[in-house]
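Protein chains in written order, with UniProt numbering: chain A, 1 to 398; chain B, 1 to 398.
We treat Cβ as the ideally placed atom computed from N, Cα and C, and that holds for glycine.
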């Protein structure tokens with residue numbers, strides 16, 4: 001088990017047990033040496049990359065995460081646009097990318113002898129941590145926001161965690177849980193254990209393109225934890241000489257325009273991300289007004305030559321429809337905006353016909369159904385052949 | 001493209017385009033020669049087994065199906081019970097095992113120049129066929145039952161198929177669509193194309209155990225199409241000499257006690273399955289009163305030395321809870337009863353500590369949420385450390 005963590009910014013090192021965030025204020029991640037790493041011959045899911053993970057013994061549901069399809073669907077591509085490869089993270093065991101980080105977090109907790117884990121979330125992460133904890137009989141505390149809808153509580157509740165509705169400032173809770181003098185391993189969205197798991201998606205993507213690399217990776221950003229993990233992976237693969245420094249994929253991060261602190265700071269040319277007062281958006285999973293790894297994500301974008309984009313809710317709805325009607329994919333709004341971003345990057349000639357772009361669709365659309373305008377017609381069974389023949393023959397109302 | 005189909009019962013052959021059901025009344029399946037088949041070195045999802053599929057060019061979303069995890073979770077096992085390996089079919093692209101058959105059906109339709117596909121379903125199969133058709137821009141007709149709830153229509157409707165509410169006898173519709181003089185390829189639940197796709201789950205299972213084999217495979221049964229596909233695969237692997245005739249896995253099929261025509265016919269020792277008037281059950285996906293491949297499924301059970309079990313709704317609810325709370329898995333009721341069946345087979349000493357049993361969890365629990373009794377407590381953030389310390393320390397109400 002690794003315990004040494006390092007600050008990406010100032011380079012200071014610490015022990016994970018002492019602190020998850022550097023004295024300088026920026027988040028830590030594991031200090032991973034990849035000089036001898038090479039693409040493995042075998043391995044199950046994310047554990048294919050066990051040599052670069054802080055724990056080497058997967059437990060329970062942790063065994064299942066990762067190895068999601070990288071799916072090219074020509075129906076979404078245009079003649080002058082890039083080749084679009086979609087990473088279907090909704091096919092992780094609890095339907096989102098969060099399972100990668102939970103798998104590492106829970107396996108680490110078991111190896112470390114911890115009996116309690118926790119998380120501050122009322123969405124994909126809460127479900128993922130609760131499911132993984134249940135699979136190995138760990139106690140699990142989930143701290144949800146006061147206004148979390150009943151439907152979502154039941155989704156998380158099926159795995160029987162200790163559910164707490166936090167009364168007070170939910171925004172502060174995230175940081176506070178990392179500094180408690182309580183024996184609970186909080187696997188929040190940008191903590192070192194989670195980032196270690198989340199980075200495996202970039203290992204999978206890069207291995208699929210090896211010895212080449214995609215030109216760009218486009219993903220939603222909320223806390224910045226996932227983007228940090230992907231950036232960490234790219235740096236590690238560069239150290240391992242499996243990615244060429246001159247051909248590093250550019251990272252494009254996407255936010256909902258109604259809540260886009262990282263995009264605003266990017267456009268303003270700021271060195272650090274400032275919190276915003278966001279509006280309500282259909283992209284609930286990524287509506288983070290004060291992202292704890294926002295500055296780290298911004299740094300990742302700048303160092304890889306990418307950008308941060310903001311997408312309006314109407315465009316997100318259109319992207320969901322397009323993914324469902326043209327690619328047969330059902331994803332949550334917070335994933336669909338990746339397609340809007342790829343289209344915007346194509347319109348601005350940032351991406352062109354020579355490019356390979358990977359869009360990370362972070363979560364399934366099945367967990368929280370969106371209302372769809374659905375037309376249904378009555379068909380008297382006695383009239384089956386006539387109606388269907390007319391339909392196939394091109395009649396609009398046979 | 002293969003077109004020759006054969007009757008498993010009387011051995012008669014036909015062309016798929018002429019008939020999907022034999023003159024003798026039993027359903028056809030593809031006539032597949034596996035004498036030269038061997039485990040492949042590579043291949044994507046179900047297309048790993050392209051040598052035994054009736055079409056060899058995957059299209060659109062079809063590329064993604066299959067290669068689902070086979071997951072052993074010791075938390076579900078008992079000291080005197082079998083090793084339990086769960087096949088997580090809910091991790092197919094539309095969240096159910098149906099994607100395997102849809103992948104073959106849609107790819108075949110495209111290769112055959114068909115522009116219309118259809119299906120008679122208001123559940124997993126409807127969603128799966130609509131999504132696959134959308135991904136390759138095929139027109140798709142979905143015929144749902146009159147009483148299908150709005151929520152489910154919207155789930156299917158997101159892929160924009162032609163949705164028809166069938167007014168009249170829904171039970172007859174299934175057969176009628178197979179005999180229409182209309183240019184629509186109906187990929188219903190026991191048609192040869194679907195069975196050809198569904199069989200790949202058994203190829204995956206057997207390859208995972210090769211050169212050995214699991215002792216038993218336990219799966220839900222509705223139309224009998226999936227069970228038929230699995231039986232077909234076992235026979236094909238026996239022909240290929242990749243399964244030893246003396247070590248064929250036994251097939252155990254499971255129905256909800258409230259609607260169990262195949263189980264009733266099995267217990268009565270009948271040669272054929274008779275339709276029943278079922279009651280309402282929470283296992284909606286498998287409540288089939290008149291299964292079109294019921295007799296074929298019954299034959300599969302008898303020839304492999306298995307059985308058909310009936311599970312009460314209360315036990316199904318308990319199994320769902322157990323899977324969620326002890327394995328971190330969310331599945332639909334129609335899948336959960338597989339665990340109840342494994343427990344029943346363990347209690348009756350049919351399965352013991354020396355056995356490997358594979359349970360096929362056919363569908364995700366996320367598409368139609370079941371109400372869960374969920375306790376949530378208020379936690380004032382100012383009181384965070386005290387409450388959590390008390391909890392970890394064993395206080396029941398800190």
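Let me see if you follow: with CB-CB separation under 8 Å, is residue 328 of chain B close to chain A or not? At least one CB atom of chain A sits nearer than 8 Å to the CB of residue 328 of chain B.
For the region 359–388 of chain A, list every residue whose C-beta sits within 7 Å of some C-beta in chain B, in sequence order. Residues 364, 366, 367, 369, 371, 372, 374, 375, 376, 377, 378, 379, 380, 381, 382, 384, 385 and 388.
Quick check: the region 120–134 of chain A against the region 54–69 of chain B, are at least 3 beta-carbon pairs closer than 8 Å? Because the criterion of three Cβ pairs below 8 Å is not met, the region 54–69 of chain B and the region 120–134 of chain A do not touch.
Taking just the CA atoms, how far does residue 232 of chain B sit from residue 249 of chain B? So the two alpha carbons sit approximately 12 Å from each other.
Touching by the beta-carbon criterion (3+ pairs, under 8 Å), the region 211–221 of chain B and the region 340–351 of chain B: Verdict: yes, contact present.
Under a CB-based cut-off of 8 Å, is residue 73 of chain B close to chain A? So, interface residue.
DSSP beta-bridge partners for residue 167 of chain B? A/380, per the DSSP bridge assignment.
Looking only at its own chain, which residues have a Cβ that is under 7 Å from the Cβ of residue 88 of chain B, when we skip the five neighbours before and after it? So the list reads 68, 69, 71 and 361, once near-sequence residues are dropped.
Should residue 1 of chain B be labelled buried (16 or more other beta-carbon atoms within 10 Å of its own) or exposed? By the beta-carbon neighbour count (other beta carbons within 10 angstroms, threshold 16), residue 1 of chain B is exposed.
Which residues share a DSSP beta bridge with residue 400 of chain B? Residue 400 of chain B is absent from the model: chain B starts at 1 and stops at 398.
Is residue 91 of chain A near residue 91 of chain B, with beta carbons less than 8 Å apart? The answer is yes: Cβ separation under 8 Å.
What do you reckon, are the CB atoms on residue 237 of chain A and residue 243 of chain A nearer than 8 Å? Yes, the pair counts as a contact, with Cβ atoms nearer than the cut-off.
So with Cβ pairs under 8 Å, would you call residue 151 of chain B a contact of chain A? Chain A contact via Cβ: present.
Rounded to whole angstroms, what is the Cα-Cα separation between residue 103 of chain A and residue 136 of chain A? About 11 Å.
Just list the residues that DSSP pairs residue 139 of chain A with in beta bridges. DSSP lists A/116 as partners of residue 139 of chain A.
Please report how far the alpha carbon of residue 327 of chain A lies from the alpha carbon of residue 359 of chain A, in whole angstroms. So the two alpha carbons sit approximately 13 Å from each other.
Residue-level contact to chain A via CB, residue 164 of chain B, 8 Å cutoff: For residue 164 of chain B, the answer is yes, since a Cβ of chain A falls inside 8 Å of its Cβ.
What ranges does the alpha helix (DSSP H) occupy inside the region 53–134 of chain B, keeping only unbroken runs of at least 4 residues that lie completely in it? Counting only runs that start and end inside the region 53–134 of chain B, the alpha helix (DSSP H) elements of at least 4 residues fall at 98–111.
Excluding the 5 residues preceding and the 5 following residue 96 of chain B in the sequence, name in chain order all residues of the same chain whose CB lies nearer than 7 Å to its CB. Cβ neighbours of residue 96 of chain B beyond the five flanking positions: 89, 90, 124, 128, 362, 363 and 364.
Every unbroken beta strand (DSSP E) inside the region 289–361 of chain A [3 residues or more]: With a minimum length of 3 residues, the continuous beta strand (DSSP E) runs that stay inside the region 289–361 of chain A are 307–311 and 356–361.
For residue 116 of chain A, would you say it is in contact with chain B, using Cβ-to-Cβ distances shorter than 8 Å as the test? By the rule that beta-carbons nearer than 8 Å mark a contact, residue 116 of chain A touches chain B.
For residue 120 of chain A, which option in A/205, A/169 and A/302 has the closest C-alpha, if you only look at C-alpha atoms? Residue A/169 is the option with its Cα nearest to residue 120 of chain A.
Meets three-Cβ-pair contact criterion under 8 Å: the region 40–56 of chain B and the region 164–179 of chain B: The answer is no - the region 164–179 of chain B does not touch the region 40–56 of chain B, with fewer than three Cβ pairs under 8 Å.
Rank B/142, B/51, B/172 and B/187 by C-alpha distance to the C-alpha of residue 109 of chain B and give the top, closest one. Out of B/142, B/51, B/172 and B/187, B/187 has the C-alpha closest to the C-alpha of residue 109 of chain B.
Using beta-carbon positions only, say whether residue 58 of chain A and residue 356 of chain A come within less than 8 Å of one another. Taking 8 Å as the Cβ cut-off, residue 58 of chain A and residue 356 of chain A do not qualify as a contacting pair.
Report all residues from its chain with a CB closer than 8 Å to the CB of residue 49 of chain A; omit the five preceding and five following residues, and keep chain order. For residue 49 of chain A, same chain residues with a beta-carbon under 8 Å away, outside a window of 5 residues either side, are 40, 43, 200 and 203 in chain order.
Would you give the residue range spanned by the beta strand (DSSP E) that residue 255 of chain B belongs to? It spans 250–256 - the beta strand (DSSP E) in which residue 255 of chain B sits, taken as one unbroken run.
Neighbourhood of residue 159 of chain B by C-beta distance below 7 Å, restricted to the same chain and skipping five residues each side: Here the set comprises 130, 131 and 134.
Going along the chain, which residues of its own chain have a beta-carbon closer than 7 Å to the beta-carbon of residue 157 of chain A, five neighbours each way excluded? Taken in chain order, the residues that qualify are 163.
I'd like to confirm the pairing. Which residues does DSSP put opposite residue 219 of chain A in its beta bridges? Paired residue(s): A/253.
On the DSSP letters alone, give me the boundaries of the alpha helix (DSSP H) that residue 192 of chain B sits inside. Counting along the chain, the alpha helix (DSSP H) containing residue 192 of chain B begins and ends at 192–198.
How would you write the range of the alpha helix (DSSP H) that residue 416 of chain B sits in, first residue to last? What is shown of chain B runs 1 to 398, which leaves residue 416 of chain B out entirely.
Whole angstroms is fine: what's the gap from residue 144 of chain B's alpha carbon to residue 195 of chain A's? Cα to Cα, the separation comes out at about 45 Å.
Between residue 286 of chain A and residue 221 of chain A, is the Cβ-Cβ spacing less than 8 Å? Yes.
If the criterion is Cβ atoms closer than 8 Å, does the pair residue 291 of chain A and residue 5 of chain A meet it? In this structure, residue 291 of chain A keeps its C-beta atom at 8 Å or more from the C-beta atom of residue 5 of chain A.
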